[in-house]
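With the sequence shown counted from 1, adding 137 to any position gets you this note's numbering. Each residue gets a CB set at the ideal place from its N, CA and C atoms; glycine is no exception. Given the structure is predicted, the values throughout are model-derived calculations rather than measurements. Below: one structure, written as C-alpha cells.
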Amino acid sequence: MDKIKKELIEELDALRWRLAELERSRNGRKRAEVALQESEAKFRSVAETTVSTILIYPSTLQICRCRY
C-alpha cells in the first residue's frame, strides 16, 4: 500500500510541475503576442502617416524609408 501511495504522490508532483510549465509557456506566449501587437501598431502608424516609400527586404526583414 505504501508503494502505491508513494507512486501517486510522485505522479501528483509530476503533474503539478507540468501544470507550472504550461502556465509559464502560456504567460510567455501572451507577452509575445502583446509585443507583436505593439510592434504592428507602431509600424502601421509609420506606414499610414509617412510621405516616404517604405521598402521591406524579405531576406533580412530590413526596413528602408526612401524619400523622393
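### Task
May I ask you to report which of helix, strand or coil DSSP gives L79?
Here the chain comprises residues numbered 138 to 205, so residue 79 is not present and cannot be evaluated.
### Task
For I200, write down the residues that DSSP places opposite it in a beta bridge.
I193
#### Entry: Coarse secondary structure for T187, derived from DSSP in three states
coil
### Query
In whole angstroms, what is the alpha-carbon distance linking R163 and A172?
14 Å
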